[in-house]
Amino acid sequence: MNEIIEKTACLWSVKASDIYSKSRTAQISEARDACIYLIKQKLKVSNAKIGLTMGFRLPSTIVYSLKRTKERLEAGRPQDELFKDRLTMASSRISKWTTN
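The numbering of the sequence shown is this note's numbering, which starts it at 455 and goes up by one.
Below you can see the structure in the form of structure tokens.
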């Protein structure tokens, strides 16, 4: 999980430590949502375990993040295109990250 977080943080140009933090700036929140989504999709980890990894967040917070990300991916809004592109790039690289 930590490698996914570090690589995703790099794609969003934030520090991995920012993703674990309580910061709510847009860029960090977006990177955090991407990490949560990718960990859930690729590693099939429980929401409770993701919450612990992401800085002691409640499982309900993880559910909300996953819902928000899914809505962004399905909405088709122009402002979400960069998010989708980065998420797609990260997702395609994760198989390389997790198999090496």
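Here a beta-carbon is modelled for each residue, glycine too, at the ideal position from N, C-alpha and C.
Here the structure is a predicted model, which means the values were calculated and not measured.
Range covered by the alpha helix (DSSP H) that runs through residue i
i	result
T462	456-465
L512	Per DSSP, L512 belongs to no alpha helix (DSSP H) and is neither H nor E.
R486	480-497
G505	501-507
D534	Looking at the DSSP string, D534 is not in any alpha helix (DSSP H), and its letter there is neither H nor E.
S471	470-474
Neighbour-count burial assignment, residue i, 16 or more Cβ in a 10 Å radius
i	result
C464	exposed
M508	buried
L492	buried
A544	buried
DSSP-derived helix/strand/coil call for residue i
i	result
K524	helix
S519	helix
S477	coil
Q) Any chance the stretch 529-546 sits against the stretch 508-520, with 3 or more Cβ pairs inside 8 Å? A) By the Cβ test, the stretch 529-546 is not in contact with the stretch 508-520, since fewer than three Cβ pairs between them sit closer than 8 Å.
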